[in-house]
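Below is one structure, written out as C-alpha cells, with a few remarks after it.
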Amino acid sequence: MPSLNELLERLDSVRQQAEEELSHAGTPEDLESFRIKYMGRSSGALTNLFKQLSDLSVEDKPVFGKSANLFKQRLQELFEEKYQAIHGAVPKQGKAVLKDITLPGRKVNYGHMHPITKALTEVVSIFTTMGFSIAEGPEIERDYYNFEALNMPEEHPARDMQDTFYLSGGFLLRTQTSPVQIRIMERSRPPVSIIAPGRVFRRDWDLTHTPMFHQVEGLLVDKGISMTHLKGVLETFLKAFFGVDTKIRFRPSYFPFTEPSTEVDIGCIFCNGKGCRVCKTAGWLEILGAGMVHPEVFKRVKYDTDVYTGFAFGIGTERLAMLKYNINDLRMFFENDLRFLRQ
Ligand code: DAH
14 MPSLNELLER
24 LDSVRQQAEE
34 ELSHAGTPED
44 LESFRIKYMG
54 RSSGALTNLF
64 KQLSDLSVED
74 KPVFGKSANL
84 FKQRLQELFE
94 EKYQAIHGAV
104 PKQGKAVLKD
114 ITLPGRKVNY
124 GHMHPITKAL
134 TEVVSIFTTM
144 GFSIAEGPEI
154 ERDYYNFEAL
164 NMPEEHPARD
174 MQDTFYLSGG
184 FLLRTQTSPV
194 QIRIMERSRP
204 PVSIIAPGRV
214 FRRDWDLTHT
224 PMFHQVEGLL
234 VDKGISMTHL
244 KGVLETFLKA
254 FFGVDTKIRF
264 RPSYFPFTEP
274 STEVDIGCIF
284 CNGKGCRVCK
294 TAGWLEILGA
304 GMVHPEVFKR
314 VKYDTDVYTG
324 FAFGIGTERL
334 AMLKYNINDL
344 RMFFENDLRF
354 LRQ
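Per the working numbering, residue 14 is the first one in the sequence shown, and the count goes up by one each step.
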C-alpha cells in the first residue's frame, strides 16, 4: 500500500506531466486526448488518484484529498484556458448549459366534456329553466313499458319501426326514452312536467344511426294542455339551443302513443337546405318526434281523459350535437378518437 508521501509525489509528477502535455496541445484532437487521459471520468489520471484515497488512513485522507482537489481545480482551469485558445469559446459542460430555456413548457392535458354530454347538459338546463324536472328510468326495460303501455301491443306494426335488442324473460334494451313517461305517470298525479334524458338502443349502424344513442323525453300533463303549448315549448327550446334564426318545421307524423303526432325538423346547417349526404338531400334534419298523449296511454296509467290532456316529445341528442358542433358523421361520437374529442 502506498504511503501518503508516495501518493503526494505521484500526484506532483502527474501534475507536471499534465501541464507539460497541455502546453504542447495545439489542435482540438490533442485537447480531447488530453481530456480523456487526465480528466476522463472512468480511468483518467485524476480519477485514478482519487481512487487511492480509500487506501489511506483516516488522518491522511483529508491531507491527500485537499491536494488532489487543488490539482483537479488547477487542471480544470488550465484545460478551459487552452480550450478557449483552440476553440475560441468556453467548453460546454454540466447540465445547466444543456437547459434550453426557449423550449416550450410541458403541456398539461385537460379533460374535455364529450360533445354529447355538453349537448345534454345544455338541453337539460333549457328545460329545467322552463320548469321541467328531471326523471330517469332503466335501460333494461320491460316489454310492457317500452311497447305495450305505449299503445304498441304485440304484433303492432309500429314495433318494426324500432329494431329491438331483445333479452330473455320479457326484457329488452329500451329502444326509446318514452317508457319513462309511463313509469312517471304510474307513480304521480297531474300536473306532471318532466324531461328524461338517457341512452337508448337499436340494431342499426350507418352514417346516421348507431346501436346506442341518446334521447331526451319530455312529458307535460295538466288540465287544458293543447298542441299550442307543445309548439310553444318546442320552439322556445329550439331557438334557445340553436339561436333565434333557426329554421323550424312541424310535419304531421305518426306515433302510436300520440294523437295527433308531429315530427320537427330544423334546416340542415351543413348544406343550408340545398341537400347533402347528411340530410340525405332533404335540406332538413329531423330532430324530434312529438304529439298529444294518446288517450289509450292515459287509460293505462289511470289518468282521467275527460279532465287531462298532455303533450310528449322525444329529442335525438346526437342530432342536436351534430348540428350544434358541426359534426357530419354520427359514428365519430362513439369511436373515442382523442383527436376528435379534443377539438
Ligand atoms: N319515442 C319516439 C322515437 O324514439 C320519439 C317520440 C315521438 C317520443 C313522439 C315522444 C313522442 O314522446 O310524443 O322515435
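C-beta atoms are modelled at their ideal positions from N, C-alpha and C, and glycine is treated no differently.
Residue i: CB within 6 Å of a non-hydrogen atom of the ligand DAH
i: residue 275; result: no
i: residue 271; result: yes
i: residue 191; result: yes
i: residue 209; result: no
i: residue 302; result: yes
i: residue 250; result: no
i: residue 325; result: yes
i: residue 145; result: no
i: residue 268; result: yes
Spatial distance of residue i from residue j (CA atoms)
i: residue 285; j: residue 295; result: 11 Å
i: residue 257; j: residue 305; result: 25 Å
i: residue 110; j: residue 83; result: At residue 110, the pLDDT of 49 sits below 50, so the modelled position is not reliable; the number obtained from the coordinates is stated separately. Computed Cα separation, rounded: 24 Å.
i: residue 35; j: residue 123; result: 56 Å
i: residue 157; j: residue 176; result: 16 Å
i: residue 7; j: residue 121; result: Nothing can be reported for residue 7, as the shown portion of the chain is limited to 14 through 356.
i: residue 331; j: residue 355; result: 18 Å
i: residue 107; j: residue 71; result: Residue confidence for residue 107 is low, a pLDDT of 47 falling below 50, so the modelled location carries little weight and cannot support an answer.
i: residue 308; j: residue 318; result: 6 Å
i: residue 95; j: residue 125; result: 57 Å
i: residue 128; j: residue 173; result: 30 Å
i: residue 116; j: residue 352; result: 24 Å
i: residue 205; j: residue 145; result: 9 Å
i: residue 30; j: residue 113; result: 38 Å
i: residue 327; j: residue 118; result: 47 Å
i: residue 288; j: residue 342; result: 16 Å
i: residue 316; j: residue 340; result: 42 Å
i: residue 197; j: residue 180; result: 23 Å
i: residue 275; j: residue 299; result: 11 Å
i: residue 271; j: residue 303; result: 7 Å
i: residue 281; j: residue 209; result: 26 Å
i: residue 104; j: residue 338; result: 56 Å
i: residue 23; j: residue 90; result: 21 Å
i: residue 203; j: residue 290; result: 43 Å
i: residue 236; j: residue 242; result: 12 Å
i: residue 45; j: residue 56; result: 15 Å
i: residue 252; j: residue 132; result: 14 Å
i: residue 38; j: residue 20; result: 27 Å
i: residue 266; j: residue 247; result: 16 Å
i: residue 350; j: residue 335; result: 16 Å
i: residue 320; j: residue 283; result: 45 Å
i: residue 188; j: residue 150; result: 12 Å
Spatial neighbours of residue i in its chain, beta-carbon cut-off 7 Å, leaving aside the 5 residues before and after
i: residue 48; result: 92
i: residue 66; result: 74, 77, 78
i: residue 212; result: 152, 225, 227
i: residue 194; result: 230, 232, 325
i: residue 178; result: 185, 186, 214, 216
i: residue 28; result: 84
i: residue 2; result: Because the chain spans 14 through 356 in this model, residue 2 falls outside it and cannot be assessed.
i: residue 221; result: 343
i: residue 3; result: Only positions 14 to 356 of the chain appear in this structure, which leaves residue 3 out of reach.
Contact with chain D by residue i, beta-carbon distance below 7 Å
i: residue 181; result: This model lacks chain D altogether, as it is built from one protein chain only.
Close-in-space but distant-in-sequence residues of the same chain around residue i (CB under 6 Å, 5 per side omitted)
i: residue 262; result: 278
i: residue 61; result: none
i: residue 311; result: 318
i: residue 269; result: 164, 165, 171
i: residue 323; result: 233, 234, 238, 306
i: residue 86; result: none
Residues near residue i in its chain [Cβ-Cβ closer than 8 Å; skip 5 each side]
i: residue 68; result: 14, 15
i: residue 41; result: 99, 100
i: residue 259; result: 251, 252, 279, 280
Heavy atom of the ligand GDP within 6 Å of residue i beta-carbon
i: residue 287; result: In the structure shown, the ligand GDP is absent; the only ligands present are the ligand DAH.
Quick check: the segment 157-170 against the segment 130-138, are there 3 or more CB pairs under 8 Å?
no
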